[in-house]
Amino acid sequence: MQSTYSSIPTWKYFLRRYGLLAGFGLFVLALILFFYSRDADITVAVLSASVRHSTPLILGALCGLMNERAGVINIGIEGQMLMAAFMGYMVNVWTGNLYIAILGGVLTGAVMGLFHAFMSVTLKLDQIIGGTVINILALGLTG
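Just so we're aligned: 163 in my numbering is position 7 of the sequence shown, and the numbers increase by one with no gaps anywhere.
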């Protein structure tokens, strides 16, 4: 009987699969640190700006990953994030309480997700069309 698992050890498989990507990331990090090593303030500013600007992209990518694993095609992620950010800001302006603003943003994102589910399941609308509707709706309401 033949085993369904590969005979390659797990660490070698991981190294073969992700080694090139990790090496490229370390190379880019080394270049950034080399070119900005003369002034520590600039290095800290560049690295903190990189983390600050990449956080929404990473969160959106994780959202898309979870949707794809669940079998849902959701291209309305940008619209959901836009509406949640807009409503979080507006709740903060109205109440002045940051915790209520975060809760308002989270609830708005959940409502937009429920709206996508309503369009896809109840109305039998194509998921890509539903995601486009959410993006256009969010752009229209926040723009």
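Beta carbons are placed, not taken as given, at the ideal position from N, Cα and C, and that holds for glycine.
So which of the options has the shortest CA-CA distance to residue i?
{"i": "A294", "options": "A226, S210, G235", "result": "G235"}
{"i": "M237", "options": "G227, A226, G220", "result": "G220"}
{"i": "M268", "options": "M246, A241, Y245", "result": "A241"}
{"i": "G227", "options": "Y169, A273, L176", "result": "A273"}
{"i": "L263", "options": "M275, S276, V247", "result": "V247"}
{"i": "S206", "options": "L254, F170, A257, L185", "result": "L185"}
{"i": "L259", "options": "Y245, R225, F271", "result": "Y245"}
Could you give the first and the last residue of the continuous alpha helix (DSSP H) run that contains residue i?
{"i": "K280", "result": "Counting along the chain, K280 falls outside any alpha helix (DSSP H), and DSSP gives it neither H nor E."}
{"i": "F190", "result": "166 to 191"}
{"i": "I231", "result": "Taken as a continuous stretch (DSSP letters only), I231 belongs to no alpha helix (DSSP H), as it is neither H nor E."}
{"i": "M275", "result": "Unbroken run through M275: none, as it is neither H nor E."}
Using the beta-carbon count (16 or more within 10 Å), is residue i buried or exposed?
{"i": "A201", "result": "exposed"}
{"i": "G286", "result": "buried"}
{"i": "T278", "result": "exposed"}
{"i": "S276", "result": "buried"}
Do residue j and residue i come within 8 Å of each other at the CB atom, strictly closer than that value?
{"i": "M239", "j": "T298", "result": "yes"}
{"i": "I290", "j": "G252", "result": "no"}
{"i": "I292", "j": "I229", "result": "no"}
{"i": "L189", "j": "T199", "result": "yes"}
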